[in-house]
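Below is one structure, written out as structure tokens, with a few remarks after it.
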Amino acid sequence: MSIMGAVSAAYLSNMYGASAAGKTKKEETSGGQEKVEPGTTGEFVKKYREKAKSPVEEYKTKHPEDAAHVEKQVKAGEAIRRKNGVQDVSTEDMTMEEYKRYFYALLDTIPCDPSRVNDQTMISITDAGWEQMKQDPDYEAWILGYFVEDRSVRNPFYGWGGNTGMFITEHFGASIEEHHGEGFTKTDTKKTKKDDEESWWSMRHKRMKKYLKEQAVLAQKREQSREKAAQQEYIRQQYESSVRLHSFLTEGVRGEQSLLPDTESAKPSVPLLYDGMMDLFSTIRSKG
Numbered sequence: 007m008s009i010m011g012a013v014s015a016a017y018l019s020n021m022y023g024a025s026a027a028g029k030t031k032k033e034e035t036s037g038g039q040e041k042v043e044p045g046t047t048g049e050f051v052k053k054y055r056e057k058a059k060s061p062v063e064e065y066k067t068k069h070p071e072d073a074a075h076v077e078k079q080v081k082a083g084e085a086i087r088r089k090n091g092v093q094d095v096s097t098e099d100m101t102m103e104e105y106k107r108y109f110y111a112l113l114d115t116i117p118c119d120p121s122r123v124n125d126q127t128m129i130s131i132t133d134a135g136w137e138q139m140k141q142d143p144d145y146e147a148w149i150l151g152y153f154v155e156d157r158s159v160r161n162p163f164y165g166w167g168g169n170t171g172m173f174i175t176e177h178f179g180a181s182i183e184e185h186h187g188e189g190f191t192k193t194d195t196k197k198t199k200k201d202d203e204e205s206w207w208s209m210r211h212k213r214m215k216k217y218l219k220e221q222a223v224l225a226q227k228r229e230q231s232r233e234k235a236a237q238q239e240y241i242r243q244q245y246e247s248s249v250r251l252h253s254f255l256t257e258g259v260r261g262e263q264s265l266l267p268d269t270e271s272a273k274p275s276v277p278l279l280y281d282g283m284m285d286l287f288s289t290i291r292s293k294g
């Protein structure tokens with residue numbers, strides 16, 4: 007038995023051993039039927055069975071093929087109560103907190119196979135499940151018997167790299183049908199964690215690659231925008247230079263025109279100017 011189991015056994019003995027010791031005698035009535043002592047588990051079970059049908063019996067009725075197995079689990083749970091000397095302790099008058107301490111103390115006395123010492127089990131019981139266990143000793147015995155059976159199973163991979171144990175979750179409700187459990191090795195968990203880390207780095211690399219690609223596209227667009235702006239600025243400056251040159255030339259012509267007589271008669275016609283220029287060239291040629 008583990009240290010926790012020994013402590014729990016001592017707790018049960020101190021809390022319920024003395025009261026149970028005086029309630030273990032059973033007498034028979036004149037009709038040969040067993041007489042149930044008041045205040046014992048036997049009386050509690052009898053009263054419960056008279057007013058309600060246990061979910062254990064309901065399950066065996068619905069699933070006759072599993073009835074023998076379920077009954078074996080119930081008997082194993084009852085054996086745990088007897089081993090700890092609390093087979094005649096009634097839970098009827100316990101508060102729920104007292105009952106939970108009582109149940110977990112019983113549970114801690116159930117040994118594990120040596121290959122299961124590294125297992126970690128998380129037990130979840132609904133409020134309705136606790137109520138059912140507290141008022142129905144058969145259902146409580148079935149749950150205890152389930153763990154007797156479960157903890158006795160050897161881990162076939164122990165010693166072959168499976169020494170890290172398992173994470174196990176067990177969920178119980180107010181009926182056998184509501185029970186479900188899952189288990190997975192801690193080795194798989196570490197592998198999964200490593201895979202998750204690799205996946206995280208892979209995703210981070212992809213995100214960074216995508217980010218750099220987006221930044222390169224944005225940089226290219228910014229460069230194109232700068233080139234376009236520079237080109238537009240150059241065109242603008244060229245246009246302004248052309249305008250200034252045109253303005254300068256236009257103003258110069260206007261200045262020269264202002265020196266000529268401001269009369270229509272004084273303006274030589276184009277043919278006259280042409281003739282005059284031709285005469286001038288002819289004179290220069292003859293002198294030469």
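With the numbering used here, letter number 268 in the sequence shown gets 274, and the count goes up by one each step, no holes.
In this text, a Cβ means the ideal position worked out from N, Cα and C, and glycines have one as well.
Item	Value
In this structure, does DSSP put histidine 186 in helix, strand or coil?	strand
According to DSSP, simplified to helix, strand and coil, what is glutamine 93?	coil
What is the C-beta distance between tryptophan 148 and methionine 102, in whole angstroms, given that I count them as a contact (C-beta under 8 Å)?	About 19 Å; that fails the 8 Å criterion.
Using only alpha-carbon positions, find the residue among Lys140, Asp125 and Gln126 that is nearest to threonine 132.	Lys140
May I ask which residues mark the beginning and end of the beta strand (DSSP E) holding phenylalanine 153?	Element bounds for phenylalanine 153: not the beta strand (DSSP E) but the alpha helix (DSSP H), 143-157.
Closest to tyrosine 110 by C-alpha separation, out of Glu155, Asp99 and Arg87, would be which residue?	Arg87
Could you check what DSSP says for isoleucine 129 in three-state terms: helix, strand or coil?	strand
Count the other C-beta atoms from every protein chain shown that fall within 10 angstroms of the C-beta of tyrosine 105, then say buried if there are 16 or more, exposed otherwise.	buried
With H, G and I counted as helix, E and B as strand and the rest as coil, what does DSSP make of threonine 175?	strand
Please confirm whether glutamate 155 and glutamine 79 have their CB atoms less than 8 Å apart.	yes
Nearest-angstrom Cα distance between tyrosine 5 and glycine 165?	Since the first residue shown for the chain is 7 and the last is 294, residue 5 is missing from the structure and cannot be characterised.
Nearest CA to the CA of alanine 82: which residue from Pro61, Pro143, Thr127 and Phe190?	Pro143
CB asparagine 90 to CB leucine 150, shorter than 8 Å?	no
Do the CB positions of arginine 157 and isoleucine 116 come within less than 8 Å of each other?	yes
Measure the CB-CB distance between aspartate 119 and valine 159 and report whether it falls below 8 Å.	yes
My output table needs one value for threonine 191: the three-state DSSP class, helix, strand or coil.	strand
Please report how far the alpha carbon of tyrosine 245 lies from the alpha carbon of phenylalanine 254, in whole angstroms.	14 Å
Tell me the rounded alpha-carbon separation between arginine 122 and lysine 68.	33 Å
Measuring only the C-alpha atoms, how far is glutamine 237 from lysine 227?	15 Å
Is any heavy atom in the ligand MG found nearer than 7 Å to the beta carbon of lysine 59?	For the structure depicted, the ligand MG is absent and the ligand set is empty, with no information on it obtainable.
In terms of residue numbering, what span does the alpha helix (DSSP H) encompassing phenylalanine 109 cover?	102-114
For aspartate 72, count neighbouring C-beta atoms within 10 Å of its own C-beta (all shown protein chains included) and say buried if the count is 16 or more, exposed if not.	exposed
Answer yes or no: do isoleucine 174 and threonine 127 have a C-beta to C-beta separation smaller than 8 Å?	yes
Find the nearest neighbour of asparagine 161 within the set Ser181, Thr191, Glu176 and Gln138, judged by alpha-carbon distance.	Thr191
Please identify the residue among Arg213, Leu224 and Thr193 whose C-alpha is closest to the C-alpha of asparagine 124.	Thr193
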